[in-house]
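Engineer: One structure, as structure tokens, below. Some questions next.
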Amino acid sequence: MTSTASPFPADESSQAYHLRRKRELSSLYATARSLTALGELDDVLRSIVRHAHGLIGTDFTYLSLLGPDNALSVRASEGTISADFLAAGIPPGTGLGGQVIGRRKPIWVSNYLVADDLHHVHEFDELVAREGLVALLGVPLLVRGEAVGALFAADRSERSFSSEEIALFSAFADHAAIALDNARLYDQSRAALEKLQSAYRVIEEHVATIERSQAVHEALTDVVLTGGGPKDVARHLADQMGGTVIFLGRDNTLLASAGVDQTLQNSGDAVWPGIKQALEGARRTGRCVTQQDASATHSVAVVQAGDSYLGALVWSQPASPSSADLRMLERATHIVALMILKENAVADAAERLSGELMTELLVNSPSVSAAQRARTRARGIDVDALNLLVVADSTTAATIELSRQLHAYAHSHAGLAGEYLGRATMLLHAEDVDEAVASAHRAIRQQLDRDVNLIGEHVQGHDWARAFTTASRCLDLALALGKTDHSATTSDYALYSLLFAPDRLNELDRFISATIGPLLAYDAQRSTDLVTTAVTYFANRGGLAQTARALQVHLNTLLKRLDRIDLVLGSGWRGPEALDTQLALRMHQLRVSVGV
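For the sequence shown, our numbering gives the first residue as 31, with consecutive numbering after it.
Here is the structure:
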């Protein structure tokens, strides 16, 4: 049962009783004074429970506060109590705590689990049973007449709580509620003050940042409008931000620097160990990244337009930069990107003209008009010397990026480049075709910093269109063979010439039809895939268990398929004629990949 008791003690006149009451009241007032000296909310909560535990002398004491959902949750405890109990929440209006909060009066029970006038919660009752909690006294914590929580004293044996204990605990709770309210006001005032001070600091920093950012923006905008270059960018940034500023190009080579300590340079290469990791992080995230080494703190911001990497700005100084400085460096890259894009627009125009002229030559080949000769001659190109056609592909780089790299290479080698029929293509003059293709692959691979395939075809006369068809099919073939970072000429694929020589396609048809034609027809008519079974069988060197695993079928299923192939092709397909069968299967696969 639950009980509420008058806070007034029974009439006692003994001297021992009065001495005990005097000690209790003295302790109460001393505790109240100590509570008023505390400011931090958590400190006050812990002190309340600790002193309450000393006053009441029960097995354990704990304090719960009301949350936003009006549920009670334990915020401080004293005595032996499990973590599960401390973590439990009491829904509104339930348990002894719900009655204490609702009635705003002290309430106690001699045995919590058998108190039938409480609204029990099964989950909490299980915790009570495991904790061994029996007798429980709860008093409200009232602030300006409203309950904000409750203070509890509990014993692990059945007992009653005397009116003196209740009065003492209630009086303490009244003092504790005042201290709790003061602590909350203190926390709110301190938080408001800190927020105000922080706001003032932010405003001051923001004003300074705006002024510096405006100065940087105006300086860099002037660079763009007046046709300045990387040196002007580095100089203006160093003047406004201090420290060292380095401008890296697309290939991470040093384009310009200002205020540079000579110890920061490494044989003219700007990507020394101090910024290499930061540069990689900035390129990966698109945000400014800071890296510290023995010489300085380096902040790196990438210059990019969309997904295109245009370069980077590196700002080095002894101290760690502020977040405002890093944002300013990031914003500076936007202006720098405009400058680079402006320069690129001029280069793109030249690239477009080069691609258009190359396309005209391929479309009209093998004829070359007088106008085409005049236009190539005006670009310093001998059209009759363009005896090498190169096509390129990459699994990670876009065709437009490949075409741009081919153009840059062709421009420095008196050639033409662009995109033709969706493929990055280049025309060059070469004394040694094999070496020319290998050299172009090395240069373009380094600039892209990605895997790339290059295939070259020696051009007879002006027949660039025929050379493009052959080289393009050969490039598809290289991809089908699993090549991803590779350079070669079409002569390296002479074994597969039937695949990309248009005048010999009939020979390829006859060979495949004579060797595996019945199997292809069987698959086509019955929607089976015995061709794949045969290919996998040869790929695993005739190993039945390995072939079954590769096909993800049961061994019996594989044996039935092989028997069916025996019926279609004859048992010799795995015997003396196996080489012809393997070759025909491979040629068929590659032919499908190449698309002829």
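C-beta atoms are modelled at their ideal positions from N, C-alpha and C, and glycine is treated no differently.
Check each candidate in Ser469, Gln244, Asp73 and Leu93 and name the one with the smallest Cα separation from Ala130.
Structural biologist: Against the sequence shown, residue 130 aligns to sequence position 100. A small correction: the amino acid at residue 130 is Val; Ala does not occupy that position in the sequence shown. It is Leu93 whose Cα lies nearest to the Cα of Val130.
Engineer: If you check the beta carbons only, do Leu371 and Ala331 fall under 8 Å apart?
Structural biologist: Within the sequence shown, numbered from 1, the residue matching residue 371 stands at position 341. Within the sequence shown, numbered from 1, the residue matching residue 331 stands at position 301. Contact: no.
Engineer: Would His618 be called buried (16 or more neighbouring beta carbons within 10 Å of its own) or exposed?
Structural biologist: Taking the first residue of the sequence shown as position 1, residue 618 is located at position 588. Per the 10 Å Cβ criterion, buried.
Engineer: Under the DSSP definition of a beta bridge, which residues are partnered with Asp423?
Structural biologist: Against the sequence shown, residue 423 aligns to sequence position 393. Answer by DSSP bridge pairing, in chain order: Asn483.
Engineer: Just mark Arg265 as buried or exposed, buried being the case when its beta carbon has 16 or more other beta carbons within 10 Å.
Structural biologist: Residue 265 sits at position 235 when you count from the first residue of the sequence shown. With 16 or more Cβ atoms within 10 Å of its Cβ, Arg265 is classed as buried.
Engineer: Between Arg475 and Leu505, what straight-line distance do the alpha-carbon atoms span, to the nearest angstrom?
Structural biologist: By one-based count along the sequence shown, residue 475 stands at place 445. By one-based count along the sequence shown, residue 505 stands at place 475. The straight-line gap from Cα to Cα measures roughly 16 Å.
Engineer: State the DSSP-derived secondary structure class of Asp185, mapped to helix, strand or coil.
Structural biologist: For the purposes of this step, residue 185 is taken as the residue at position 155 of the sequence shown. Strand at Asp185.
Engineer: Comparing alpha-carbon positions, which option in Leu96, Pro396, Asp281 and Thr429 lies nearest Ala497?
Structural biologist: The residue labelled residue 497 in the question sits at position 467 within the sequence shown. Residue Pro396 is the option with its Cα nearest to Ala497.
Engineer: Please list the terminal residues of the continuous beta strand (DSSP E) segment that includes His83.
Structural biologist: For this step, residue 83 is matched to residue 53 along the sequence shown. Unbroken run through His83 is the alpha helix (DSSP H), Leu71 to Ile86; no beta strand (DSSP E).
Engineer: If you reduce the DSSP assignment to three classes, tell me which class His516 lands in.
Structural biologist: The residue given as residue 516 occupies position 486 in the sequence shown. Looking at His516 - three-state DSSP - the assignment turns out to be strand.
Engineer: Unbroken alpha helix (DSSP H) runs of length 4 or more, entirely within the segment 103 to 156: which are they?
Structural biologist: 113 to 117 and 125 to 133
Engineer: To which residues does DSSP link Arg629 through a beta bridge?
Structural biologist: Given that the chain is displayed from residue 31 to residue 626, the structure contains no residue 629 and the question cannot be resolved.
Engineer: Please return the same chain residues whose Cβ sits closer than 8 Å to the Cβ of Ser107, not counting the five positions on each side in sequence.
Structural biologist: One-based indexing of the sequence shown puts residue 107 at position 77. Once the five neighbours on either side are set aside, the close Cβ partners of Ser107 are Val79, Phe90, Thr91, Tyr92, Leu93 and Leu116.
Engineer: Report yes or no: do three or more beta-carbon pairs, one from the segment 276 to 283 and one from the segment 348 to 358, lie closer than 8 Å?
Structural biologist: no
Engineer: For the alpha helix (DSSP H) that Ser94 lies in, which residues bound it at each end?
Structural biologist: Along the sequence shown, one-based indexing puts residue 94 at 64. Element bounds for Ser94: not the alpha helix (DSSP H) but the beta strand (DSSP E), Phe90 to Leu96.
Engineer: Please report the straight-line C-alpha distance between Leu181 and Gln218, rounded to a whole angstrom.
Structural biologist: Working through the sequence shown from its first residue, we reach residue 181 at position 151. Working through the sequence shown from its first residue, we reach residue 218 at position 188. About 23 Å.
Engineer: Report yes or no: do three or more beta-carbon pairs, one from the segment 191 to 206 and one from the segment 155 to 164, lie closer than 8 Å?
Structural biologist: no
Engineer: Just the Cα atoms here: how many angstroms apart are Glu224 and Gly119?
Structural biologist: As a working note, residue 224 is residue 194 in the sequence shown. As a working note, residue 119 is residue 89 in the sequence shown. In a straight line, the C-alpha of Glu224 is about 32 Å away from that of Gly119.
Engineer: So what's Arg453 in DSSP terms, helix, strand or just coil?
Structural biologist: Residue mapping note: residue 453 aligns to position 423 of the sequence shown, counting from 1. In the structure shown, Arg453 sits in a strand (DSSP, three-state: E or B).
Engineer: Quick check on Glu465: does DSSP put it in helix, strand or coil?
Structural biologist: For this step, residue 465 is matched to residue 435 along the sequence shown. Reduced to three states, the DSSP call for Glu465 is helix.
Engineer: Confirm, please, whether the CB-CB distance from Ala183 to Thr88 is below 8 Å.
Structural biologist: Within the sequence shown, residue 88 is the residue found at index 58, counting from 1. Within the sequence shown, residue 183 is the residue found at index 153, counting from 1. Their beta carbons are under 8 Å apart, which means Thr88 touches Ala183 by this criterion.
Engineer: Give me the DSSP bridge partner(s) of Gln582.
Structural biologist: Mapped onto the sequence shown, residue 582 falls at position 552. None; Gln582 has no bridge partner.
Engineer: In or out: Ala221 buried (at least 16 other Cβ within 10 Å) or exposed?
Structural biologist: Numbered from 1 along the sequence shown, position 191 holds the residue referred to as residue 221. That one is exposed.
Engineer: For Thr124 and Asp72, what's the separation of their Cα atoms in angstroms?
Structural biologist: Your numbering for residue 124 matches position 94 in the sequence shown. Your numbering for residue 72 matches position 42 in the sequence shown. So the alpha carbons of these two residues sit roughly 26 Å apart.
Engineer: Looking at C-alpha atoms only, which residue of Leu585, Leu615 and Asn586 is the closest neighbour of Leu599?
Structural biologist: Here residue 599 refers to the residue found at position 569 of the sequence shown. When only C-alpha atoms are compared, the closest one is Leu615.
Engineer: Given a cut-off of 8 Å, decide if Leu391 and Gln402 are closer than it, judged by their beta-carbon atoms.
Structural biologist: As a position in the sequence shown, residue 402 is number 372, starting the count at 1. As a position in the sequence shown, residue 391 is number 361, starting the count at 1. Yes. Within cutoff.
Engineer: Name, in chain order, the residues that DSSP records as bridge partners for Val169.
Structural biologist: By 1-based counting over the sequence shown, the position of residue 169 is 139. Paired residue(s): Leu181.
Engineer: If Leu166 and Tyr142 are in contact, beta carbons under 8 Å, what's the gap, nearest whole angstrom?
Structural biologist: What you label residue 166 is simply residue 136 of the sequence shown in a count that begins at 1. What you label residue 142 is simply residue 112 of the sequence shown in a count that begins at 1. The C-beta distance from Leu166 to Tyr142 rounds to 5 Å, short enough to fall under 8 Å.
Engineer: Assess, as a yes-or-no matter, whether the segment 508 to 517 is touched by the segment 307 to 318 under the definition of 3 or more beta carbon pairs within less than 8 Å.
Structural biologist: no
Engineer: Hey, quick one: how far does the alpha helix (DSSP H) through Val565 stretch, first residue to last?
Structural biologist: By 1-based counting over the sequence shown, the position of residue 565 is 535. Unbroken alpha helix (DSSP H) run through Val565: Leu560 to Ala569.
Engineer: Please work out which residues of its chain come closer than 8 Å, Cβ to Cβ, to Arg480, disregarding the five sequence neighbours upstream and downstream, and give them in chain order.
Structural biologist: Stepping through the sequence shown from its first residue, residue 480 is reached at position 450. Excluding positions up to five away in sequence, the list reads Ser424, Thr426 and Ala427.
Engineer: Report the CB separation of Ala268 from Ala288 in whole angstroms; it is logged as a contact under 8 Å.
Structural biologist: As a position in the sequence shown, residue 268 is number 238, starting the count at 1. As a position in the sequence shown, residue 288 is number 258, starting the count at 1. So it is a contact: roughly 4 Å between Cβ atoms.
Engineer: Just to confirm my understanding: we take Trp603, look at its own chain, exclude 5 residues before and 5 after, and list those with CB closer than 6 Å. What are they?
Structural biologist: Along the sequence shown, read from residue 1 onward, the residue named residue 603 stands at position 573. Hits under 6 Å: Thr611.
Engineer: CA-CA distance, Val275 and Asn417?
Structural biologist: Looking up residue 275 in the sequence shown gives position 245. Looking up residue 417 in the sequence shown gives position 387. When rounded, the distance between both Cα atoms is 46 Å.
Engineer: With distances taken between CB atoms, is the gap from Gln307 to Gln321 smaller than 8 Å?
Structural biologist: Position 277 of the sequence shown holds residue 307. Position 291 of the sequence shown holds residue 321. By the CB criterion at 8 Å, Gln307 and Gln321 fall inside the cutoff.
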